[in-house]
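Asker:
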Amino acid sequence: MANFKDVIKGIFREGSEEDDYVLPLDESGRLIRPMGTVRAVEHSFKTHDRSGGAQSDPDAVLPDKLPLDDESRALLEIADAVRGKAYAKYSGFRVGAALVGASGQVYLGVNIENASYPAGICAERSAICAAVSAGETAFSAIAIVGGENGEPCFPCGICRQVLSEFCGPDFPVILTDGVYSLGGLLPHSFSL
Ligand code: THU
């Protein structure tokens, strides 16, 4: 995976090695702001903002998926990097999500499980919680990496619905095998 430094500027330290991410880690490798941001990045993803209550176009014809480009791969790398912070004590299935806000901030999320199983939360919604808590409700793309075998980790139905609260049907959902659209993954989402 080449050219990340050129594609998303600011993720890597100046003059750093390819895999030296600027994640907010302390000396023992813990995320200082586990649910926080990486930092503002330049990106070319379109902004989605449904905070005014915009509705989906029910007739929109959306492609199943588009091929990964360098920018999408860069975001997947970030999702994969934060995945190691998942608290997946019960399933062992670690998921990381990297959500790009309209401001360029990248919000991180991991799955956080609980002894009371339904109390657990998915990585995608963790990232949404971090973003909305920081005051950001318009987004440009999300990358999701889960499991150990590189297979695409599709967001669960609840996460698709939560994303659809903020993002339109052509919102890019970046998985390891391509870029899907939110509307393709969740046609006819519920709205009030
Ligand atoms: N999980 C996510 O975090 N995101 C997904 O897209 C699918 C599932 C988590 C929930 C649970 O902690 C674990 O994966 C196994 O279901």
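Under the working numbering, the letters of the sequence shown match residues 442 to 633, in that order. Glycine is no exception: its CB is placed at the ideal position from the N, C-alpha and C atoms.
Could you pull out every unbroken beta strand (DSSP E) segment of at least 3 residues lying fully inside the stretch 513-600, listed in chain order?
Answerer: Listed in chain order, the complete beta strand (DSSP E) runs (minimum 3 residues) inside the stretch 513-600 are 536-542, 546-551 and 580-587.
Asker: Go ahead and label Val620 buried or exposed: buried means 16 or more other beta carbons lie within 10 angstroms of its beta carbon, across all protein chains shown.
Answerer: Along the sequence shown, one-based indexing puts residue 620 at 179. So Val620 ends up on the buried side.
Asker: Cβ-heavy atom distance between Ala529 and the ligand THU below 7 Å?
Answerer: Locating residue 529 in the sequence shown gives position 88, counting from the first residue. Flag set: Cβ of Ala529 near the ligand THU.
Asker: Around the C-beta of Asn444, are 16 or more other C-beta atoms found within 10 angstroms, so that it is buried, or is it exposed?
Answerer: Sequence index remark: in the sequence shown, residue 444 carries index 3 (1-based). Note that Asn444 scores a pLDDT of 36, beneath 50, so its modelled location is shaky; the value from the coordinates is reported in the next line. Result: exposed.
Asker: Taking a cut-off of 7 Å, which residues have a beta-carbon closer than that to any heavy atom of the ligand THU, in chain order?
Answerer: Here the residues come out as Ala529, Ser532, Phe534, Val536, Asn552, Glu554, Gly561, Cys563, Ala564, Glu565, Ile585, Gly587, Cys594, Phe595, Pro596, Cys597 and Cys600.
Asker: From the DSSP secondary-structure annotation, give me the bridge partner or partners of Leu616.
Answerer: Walking along the sequence shown from the start, residue 616 turns up at place 175. In DSSP, Leu616 forms a bridge with Gly619.
Asker: CA-CA distance, Gly542 and Ser581?
Answerer: Position 101 of the sequence shown, counting from 1, holds the residue named residue 542. Position 140 of the sequence shown, counting from 1, holds the residue named residue 581. Going from the Cα of Gly542 to the Cα of Ser581 covers about 6 Å.
Asker: In angstroms, rounded to a whole number, what distance separates the CA positions of Glu592 and Leu616?
Answerer: As a working mapping, residue 592 is identified with position 151 in the sequence shown. As a working mapping, residue 616 is identified with position 175 in the sequence shown. Taking the straight line joining both Cα atoms gives about 9 Å.
Asker: May I have the straight-line CA-CA distance separating Leu516 from Pro596, to the nearest angstrom?
Answerer: Counting from 1 along the sequence shown, the entry for residue 516 is found at position 75. Counting from 1 along the sequence shown, the entry for residue 596 is found at position 155. Their Cα atoms are separated by approximately 16 Å.
Asker: Please state the DSSP three-state secondary structure of Ile507.
Answerer: The residue you call residue 507 lines up with position 66 of the sequence shown. One point to set straight first is that residue 507 is Leu, not Ile, in the sequence displayed. Looking at Leu507 - three-state DSSP - the assignment turns out to be strand.
Asker: Considering only C-alpha positions, which residue in the set Arg514, Val551 and Asp511 is nearest to Arg524?
Answerer: Indexing the sequence shown from 1 puts residue 524 at position 83. Nearest option by C-alpha distance: Val551.
Asker: Could you tell me whether the stretch 524-540 touches the stretch 556-572, using the rule of 3 or more Cβ pairs below 8 Å?
Answerer: Segments in contact, yes.
Asker: Give every residue of the same chain whose Cβ lies closer than 6 Å to the Cβ of Cys570, excluding the five residues on either side of it in the sequence, and list them in chain order.
Answerer: Mapped onto the sequence shown, residue 570 falls at position 129. Nothing listed; no residue qualifies.
Asker: Verify the contact flag: Asn552, CB atom, against every heavy atom of the ligand COA, threshold strictly below 7 Å.
Answerer: Although the ligand COA was asked about, the structure shown includes only the ligand THU as ligands.
Asker: What is the rounded straight-line gap between the Cα of Ile553 and the Cα of Asp490?
Answerer: Counting from 1 along the sequence shown, the entry for residue 553 is found at position 112. Counting from 1 along the sequence shown, the entry for residue 490 is found at position 49. Each residue's alpha carbon lies about 27 Å from the other.
Asker: Taking 8 Å as the threshold (C-beta atoms), are Glu512 and Ser544 in contact?
Answerer: Position 103 of the sequence shown, counting from 1, holds the residue named residue 544. Position 71 of the sequence shown, counting from 1, holds the residue named residue 512. Against a cut-off of 8 Å, the Cβ pair of Glu512 and Ser544 comes out as no contact.
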